[in-house]
Each structure stands twice: as structure tokens, then as C-alpha cells.
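Novice: Residue numbers (full-length UniProt numbering), protein chains in the order written: chain L, 1 to 402; chain C, 1 to 416. Glycine is no exception: its CB is placed at the ideal position from the N, C-alpha and C atoms. This one's a predicted model, so the numbers in the text were calculated from it and none came from an experiment.
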């Protein structure tokens, strides 16, 4: 990780701003732009503060960057972007893209994305990525010039298209299966968590009614009045505390979401491998059949039924010259095919090797991150309970003084 | 004509009342000590007499001739209300179901411990059913109309909705009945009422007693008309008007609290439903993972614990908190009734006063009676109100202890 960009440079997405402009279809639209600030780290150690460079980017540019990285590095599990639209909302959370809370969480998510890419041993060295951070003008053209869109295999777009692979790599099949399950379990978890948050919110808020009633009641009491009044105040505090608690929990939800999308990226790698394997097998099959054809022509035996064979039998055989010509063409093709197959095999092996290296790296990262997320969640819960105890202890004291 | 109460007879091993009980254990309890209370309980006879006599259907202050002395008594007894010097302790426990041909019902064991000389034995144990408690309360109301009689738990339950024989219902009722008796024995005057004593010791004649009570109740019917009929009051002393207002607002607020508590319980249960789904998802996830499976399982288990704790909290709230609220609302109701009676009495007094002025007859007795009655009401009202404050204080402490305990339990179950 020594060559990591993240170590050499401080990267932050520090601000978000609403902008209006005209889009490609000349229609007025509102969008949010994010300020990316970078500062070289090394010079800081010399006691000087390096200048901060900054530029503005919008979400669609992030998307473009990610697509580029995905296509250019198919064997890497590319870090995901924060969600495009607000999902898994519970009633208090708004689903509006322009909502300040949503924008804020997205800003954090985008920063996280950049940091992840910058700390990846392979991705951080990509010049397009570097340009994304440093060069505002002309970046889009630069990306398009790489022609990556051509490389993008349209077959992968169909998520559920299956390629019938004769010898699937077991490890990849298992991994794909795992990523499917992971996606399903995390999205289920997020959905239920949202419902739980909703309900908990309700419970806390109703306690606020206690505050009001106690206040009203205290008005008619003599000795009990003060105690009731202050207890009512504590109930109000209790009811209000849920807002902060749930906001913190959103952070936990975001951490889970990141891995939900990561699972998607993992799956994509598996699919690319599948496709590769499929192409390989197809190529090998093609080669075999060509070789067979060649043999048949050379020996004159028809081992397999072919329309050509039949027609030639019916309408007369070819001249030896024609046959020779055909054989030559086929031999050329076979040679080509063999070379192609060789390179494909090599490609395949390389892919598998580097993919597994990255997958291992990802696994470790995932385990580490999720463990931390769970721990911080538990800490949150404990703090929530401690607050609850505090409030009720205070209330109890008030009551005991009645 | 005042009818003398029958002396409490010696009851044999099985009094008539106990006969239908198919429970060997309960009857053996009753058989234990020799059940022969002396025929002459050393009760001030005058009170006993007056308890059952009701001249012309007007509510009478039964101890009016002795009111001054009873006031003295009360002053003395005030000190006696400390637990250390109390000489009568009652508990209600051990509910049992009885199935007879006609009906099915629950009885509760009423155990009395006493150091009073009037009693033959230091300890008694009887079985009573709700009807009997109801009878006791009615009689006490009759005989002490100026006092605030503690409320009973609700008599009627909608048959389809609540199971009269479910454990929770029976237990809730038992607690309320226990409290009822404790409050009575706490009370300086009610403590010594004949009906109470009859109630706590086994008496064959309770049935007969009750029948007598019934007949008198019909006489009471006339005075009931009094209560519901219109009456005109010159001016209600501010004090009582204030109490009336207070009680109104009080019941209102308690009602609101009751609704809020119910709403909270409902929300908590809905939260519980979601939580129950939440936990297992972590488990499922744990099944997928290798390294993370332990922590994930851990989270799942914790959530399960939270569910249990929450369930307990809701149960406790329902069983302990809500009934007490409702009881106080009933209490307030009965207090208002007493206020009404007081108003009535005052109205009567004023009417009589007018009559006297008009007729210029000398009828000092009745107004004096009424006036004395009023005095008593005032005294006792104040006394009991102070009582109520103390009780409320303690009650609240109990509730909050409960709720705090629940919060504590919650925290115990959250672990890394």
C-alpha cells in the first residue's frame, strides 16, 4: 500500500452546492455540485502547508469515472458510489434528492468513494482517476478518448442473462452465489431496520405526551406539583432524544449500504469471468470444429453431416483446386484460432490470478469494516440505553420528591 | 325500629357457606383453629345498632350522638395508624376457582391477623368471592356515608373481551381486593366497622346478614332518589367546590395518562413485531459469512434479548401501572359521589333551616345532626385527601421504579 495515492494526498469532498444549468437537451435542470479538495501530504511534513487544489464535480461525472474504472479493470472489485436515489427510507427521512440531509449523506459517500479508490493499490495509479481529482476542464473528453465504452461488453448489461459455461470455475460460482445472498440479506436488513427505526420513533414521541399531561396535572396539585412538572420536562427530553439517536443510526445504515453495493461489484467481477470463460469455450469449440472440417476435406471422409457435404454429393463434387483452396483458408484460420486461444487462455489465467488477489483483499477489507460497523452500532445502542436510564432516573428522582 | 344484629354464632367445622366448596385444602384451613368466636364481641353496641337502622330513609350519621367522642377517638386513632401500633392486618391471596352446578366463580383467601381483644383468636382465614367484597363495600357506604370508601375493582367485565378466569385478570383483581382491604384497615373509623369484622371471620350467618342487607338496600332505594333528584344549594362552600373541580380535572388527567400509557404499550408492541423480524436477519447473514458469523450471531442474540425485555416491560405496565390509574379514577368517582351527598345534606340543612324560619318551630335536632354531619365530612375529606397524596406519592415511586428497572434490563441485554 506504499504507493497509494491516499497516503500522498489528502482528499476531501468538502461542500455541496445547488446549481442550475442547461443539460444536453437544452432543458433547464437543477443539480448538486460537489467540491473536491486535494492537498499534497508530503510537503506538510516540511512545515509548509501545501496549497489546496479544488474543483467541482457533479454526481454524473462520478458515475462516468466509475464506469470507466469498471470496464478498464474488470478483475477489480471497484468501490461503489452512494445510492443515486434515497432508498430504504422511513417516514421521517425524505426521499427527495434535494433534501439537505440526503445531500449531506451523499457528500460523505462520495468522499468515501474517492478515498477507497485512492487507497486501492491498482486503481489509485490510474491517470484518469488522477485527472478526475486535478483537472476540471477537458476531463470528460479525456475519458471518452480512452474508448472504454467500446470495450464495455453490452452482453453484461443484461443482468440475468446466463452464459452456459461447460466448465465453470467453482470458486467463482460460489462467489457469485455468495454475492447474491449477501445482497439479498443486506437489503432485507436495511428494510427491516428502517421499519424498526420508524416504530422506535413512534414510541419515543408518544412519551412527549406525558410531558404535556404532567404539566397540566401539576397545575392542580399542591405538594405533587413541582415533582410532576420536572418529571414532565424529563419526558420531553426523552421524546426529543430520539432524533439524534436515529440520525447516528443512519450512518450505520450507510455503512451497510456501501457493502450492499459492493456485493453488486463483486458479482460483476464474477460475471465478467463467466463471460470470459464462455468466450474461451466458444473459441475452443470453434477451433475444434474448424480442425475437423479441415481433416474431412483433406481425407475426403465425411464424418459429420454437413449441408455442404450433402449438396456436393447431390450436385457434384468440388474440384481438387477448390478443395485445396478451402483447406488453405481453414489452416490459416486454425492457426489464428490457436493463437487466439492461447492468448485467451493466458488472459483468463491472468484474470483469475489478479481477480483472486483483489477478492482476497476485498474480503479482508469487508470483514474489517463490517466488524467495526457492528461494534459502533452496538456502542450506539448502549449509549441510547444509557440515555434512557439517565432520563428515567431523573424522572424517578422527581417523583420521589413529590 | 332498630333491629339488633344477631350475635355472631359459633360456626361449626363447616359453615353453610363453605359447604359447596369442593376444596379440601381450604376447608382444612378454616377448620384449623377452633372456630368459635364468642357470641358477644366487645363492640360498642351503639354503633352496631345504628349501623343497620335507617329511620325514614334519610342518610344518618350513624355515630352522631357519639360524634364528639368519635372525633376524640379519631384523634387518638390517627396516631394508631402507624403500622407499628396497628392491631389488624389483612391480606388477600390464593385465588381458587369453584365450579358448581349453577355457576363458576373465584374465591380469594382472606387472612386476618389481629391483637385486638374482641377477637377470640389471633388469626383467621376465610374464603370470600367478589360478591362478598361488593356487599362489604355497600354496607360500609351505607353506614358511613360521610366517609370515602375505597373503590373496588370493576365489577362487570365484557364476557367476550376479557377472560374472567385468566391468570392475569384474577391476579389483577386479587391485588385490587387486597389493596381495598388494606385501605379499610388503614382507616381510623372503617377499621372498626362491624361489617368488616363479620367479613374477615368465618360466619355462617353472613348469608343471612347479607339478606338483611338486601332488604335495607331497598329502603336505601328511596334515598338514592334523593341523590339523583334535584336539589338546590344556597352556596357551596368554596372548599368543596374546589375539591369538586380538582376531582374533575384529576380524573380527566388520569384518563389522559391512561390513554397515553395504552398508546405507548401499543407502539411498543408494534416495535416489538419489527424487532422480532430484525434479529433473525442477522442470523441469516451470519450463516453466509465465515469470520463475521460470530459477531453477527451475537447481534442477533442481543436483539432477541431486547425483545424479551420489551415484552416484560409492556406486561408489567399493563399489569401494575394501568390498573392503579383506573383504580384512582374510580376512587375519584366515589369521592365525587360523597361530595354530592354532602351537598345534599347541606341542601337539606338549608331547607330545614328555611322551614324552621317559616314555621318557627323548634326543631333543633335535625339541623344539628345535619350540621354535625357536614363537619365530619369536612374533617374526613381533608384527612383522606392528605392520605391520598401520600398514597399517590408512593404509587408513583413504585411505577417509576418499575419503569427504571425495565430500562436497566434493556441495558443489561445490550452487549458487544
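Evaluate residue 119(C) with the Cβ neighbour count: other Cβ atoms within 10 Å of its Cβ, from every protein chain shown; 16 or more gives buried, anything less gives exposed.
Specialist: Locating residue 119(C) in the second chain gives position 119, where the first residue counts as 1. So residue 119(C) ends up on the buried side.
Novice: In this structure, does DSSP put residue 21(L) in helix, strand or coil?
Specialist: In the first chain, residue 21(L) corresponds to position 21, counting from 1. Here residue 21(L) sits in strand by DSSP.
Novice: Is there a Cβ from chain C that is less than 8 Å from the Cβ of residue 182(L)?
Specialist: As a working mapping, residue 182(L) is identified with position 182 in the first chain. Residue 182(L) counts as touching chain C.
Novice: Which first and last residues belong to the beta strand (DSSP E) in which residue 452(C) is found?
Specialist: This structure leaves residue 452(C) out entirely; chain C is present only between 1 and 416.
Novice: Within 10 angstroms of the Cβ of residue 286(C), are there 16 or more other Cβ atoms? Answer buried if so, exposed if not.
Specialist: Within the second chain, residue 286(C) is the residue found at index 286, counting from 1. The residue is buried, with at least 16 neighbouring Cβ atoms inside 10 Å.
Novice: For a cutoff of 8 Å on Cβ pairs, would you count residue 299(C) as touching chain B?
Specialist: You won't find chain B in this structure, because its protein chains are L and C.
Novice: Would residue 356(L) pass as an interface residue toward chain C - the criterion being a Cβ-Cβ separation below 8 Å?
Specialist: Counting from 1 along the first chain, the entry for residue 356(L) is found at position 356. Chain C contact via Cβ: absent.
Novice: What in chain C is Cβ-close to residue 220(L), meaning under 9 Å?
Specialist: Walking along the first chain from the start, residue 220(L) turns up at place 220. Correct list: 245, 246, 249, 250, 253.
Novice: Counting only the same chain and skipping the five closest in sequence on each side, list residues whose C-beta sits under 8 Å from that of residue 286(L).
Specialist: The residue you call residue 286(L) lines up with position 286 of the first chain. Result list for residue 286(L): 337, in chain order.
Novice: Taking 8 Å as the CB-CB cut-off, is residue 53(C) touching chain L?
Specialist: Sequence index remark: in the second chain, residue 53(C) carries index 53 (1-based). Since pLDDT at residue 53(C) reaches only 31, below the 50 mark, its modelled position is unreliable, and the value read off the structure follows with that caveat. It does not; no Cβ of chain L falls within 8 Å.
Novice: Excluding five sequence neighbours on each side, which residues of the same chain lie with their C-beta closer than 8 Å to the C-beta of residue 107(C)?
Specialist: Reading the second chain from its first residue, position 107 is the one you call residue 107(C). 21, 26, 95, 96, 98, 127, 128, 129, listed in sequence order.
Novice: Figure out for me which residue from 168(C), 136(C), 151(C) has the closest Cα to the Cα of residue 193(C).
Specialist: Walking along the second chain from the start, residue 193(C) turns up at place 193. For residue 193(C), the nearest C-alpha among the options comes from 136(C).
Novice: Return no unless some Cβ of chain C is closer than 8 Å to the Cβ of residue 207(L).
Specialist: For the purposes of this step, residue 207(L) is taken as the residue at position 207 of the first chain. Yes, contact with chain C.
Novice: Using a Cβ-Cβ cut-off of 8 Å, state whether residue 288(C) counts as contacting chain L.
Specialist: In the second chain, the residue the question calls residue 288(C) occupies position 288. Yes, residue 288(C) lies at the interface with chain L (some Cβ there is under 8 Å from its Cβ).
Novice: For a cutoff of 8 Å on Cβ pairs, would you count residue 232(L) as touching chain C?
Specialist: Taking the first chain and counting its residues from 1, the one referred to as residue 232(L) is at position 232. False, the Cβ-Cβ gap to chain C never drops below 8 Å.
Novice: Residue 417(C): which of 111(C), 132(C), 149(C), 167(C) sits nearest, CA to CA?
Specialist: Nothing can be reported for residue 417(C), as the shown portion of chain C is limited to 1 through 416.
Novice: In terms of residue numbering, what span does the beta strand (DSSP E) encompassing residue 39(L) cover?
Specialist: By 1-based counting over the first chain, the position of residue 39(L) is 39. Run containing residue 39(L): 28 to 40, per the beta strand (DSSP E) assignment.
Novice: Starting from the Cα of residue 107(L), find the closest Cα among 362(L), 32(L), 394(L), 209(L) and give me that residue.
Specialist: In the first chain, residue 107(L) corresponds to position 107, counting from 1. When each option's Cα is compared against that of residue 107(L), the closest is 32(L).
Novice: Quick one: list the residues of chain L neighbouring residue 267(C), beta-carbon separation under 8 Å, in chain order.
Specialist: Position 267 of the second chain, counted from the first residue, corresponds to residue 267(C). Ordered by position in chain L, the residues that pass the 8 Å Cβ test against residue 267(C) are 199, 202, 203, 206.
Novice: Any beta carbon from chain L within less than 8 Å of residue 281(C)'s own beta carbon?
Specialist: Against the second chain, residue 281(C) aligns to sequence position 281. With 8 Å as the cut-off, residue 281(C) counts as an interface residue toward chain L.
Novice: Mind checking residue 346(L): buried by the 16 CB within 10 Å criterion, or exposed?
Specialist: On the first chain, position 346 is the one that residue 346(L) refers to. Residue 346(L) should be labelled exposed.
Novice: Within a Cβ cutoff of 6 Å, which residues of the same chain sit near residue 280(L), ignoring the five residues on either side of it in sequence?
Specialist: Taking the first chain and counting its residues from 1, the one referred to as residue 280(L) is at position 280. The residues are 344, 348.
Novice: For residue 384(L), which of 105(C), 140(C), 167(C), 306(C) has the nearest alpha-carbon?
Specialist: Locating residue 384(L) in the first chain gives position 384, counting from the first residue. Taking only the C-alpha atoms, the option nearest residue 384(L) is 306(C).
Novice: Check whether the stretch 15 to 33 of chain L and the stretch 124 to 136 of chain L touch, using three or more Cβ-Cβ pairs below 8 Å as the test.
Specialist: Because the criterion of three Cβ pairs below 8 Å is not met, the stretch 15 to 33 of chain L and the stretch 124 to 136 of chain L do not touch.
Novice: Opposite residue 214(L) in the DSSP bridges: which residues?
Specialist: One-based indexing of the first chain puts residue 214(L) at position 214. Paired residues: none, contrary to the question.
Novice: Starting from residue 88(C), trace the alpha helix (DSSP H) in both directions and tell me its first and last residue.
Specialist: Taking the second chain and counting its residues from 1, one reaches residue 88(C) at position 88. Careful: residue 88(C) lies outside any alpha helix (DSSP H), inside the beta strand (DSSP E) at 88 to 99.
Novice: Do the stretch 265 to 285 of chain L and the stretch 167 to 182 of chain L make contact, defined as three or more Cβ pairs closer than 8 Å?
Specialist: Yes, since at least three Cβ pairs between the stretch 265 to 285 of chain L and the stretch 167 to 182 of chain L fall closer than 8 Å, the two stretches touch.
Novice: Quick test of the definition: if touching needs 3 or more C-beta pairs under 8 Å, does the stretch 275 to 284 of chain C touch the stretch 181 to 196 of chain L?
Specialist: Yes: at least three Cβ pairs fall under 8 Å.
Novice: Report the three-state DSSP secondary structure of residue 390(L) (helix, strand or coil).
Specialist: Numbered from 1 along the first chain, position 390 holds the residue referred to as residue 390(L). Helix at residue 390(L).
Novice: Count Cβ pairs between the stretch 359 to 374 of chain L and the stretch 257 to 266 of chain L that sit closer than 8 Å; are there 3 or more?
Specialist: They touch, by the three-pair rule.
Novice: Excluding sequence positions up to five away, which residues of its chain have a Cβ less than 8 Å from the Cβ of residue 254(L)?
Specialist: Translated into the one-based positions of the first chain, residue 254(L) becomes position 254. Contacts found: 82, 105, 108, 109.
Novice: According to DSSP, is residue 117(L) helix, strand or coil?
Specialist: Against the first chain, residue 117(L) aligns to sequence position 117. It is helical.
Novice: With a CB to CB cut of under 6 Å and the five nearest residues on each side skipped, what residues in its chain are close to residue 320(L)?
Specialist: Position 320 of the first chain, counted from the first residue, corresponds to residue 320(L). Closer than 6 Å at the Cβ level, and outside the excluded window around residue 320(L), lies no residue.
Novice: Quick one: which chain C residues come within Cβ less than 8 Å of residue 192(L)?
Specialist: Along the first chain, read from residue 1 onward, the residue named residue 192(L) stands at position 192. Result: 274, 277, 278, 281.
Novice: Have a look at 165(L), 249(L), 231(L), 58(L) and flag the residue whose alpha-carbon is nearest the alpha-carbon of residue 201(L).
Specialist: Stepping through the first chain from its first residue, residue 201(L) is reached at position 201. Taking only the C-alpha atoms, the option nearest residue 201(L) is 249(L).
Novice: By the DSSP assignment, the beta strand (DSSP E) with residue 105(C) in it spans what residues?
Specialist: Walking along the second chain from the start, residue 105(C) turns up at place 105. Note, residue 105(C): beta strand (DSSP E), 104 to 114.
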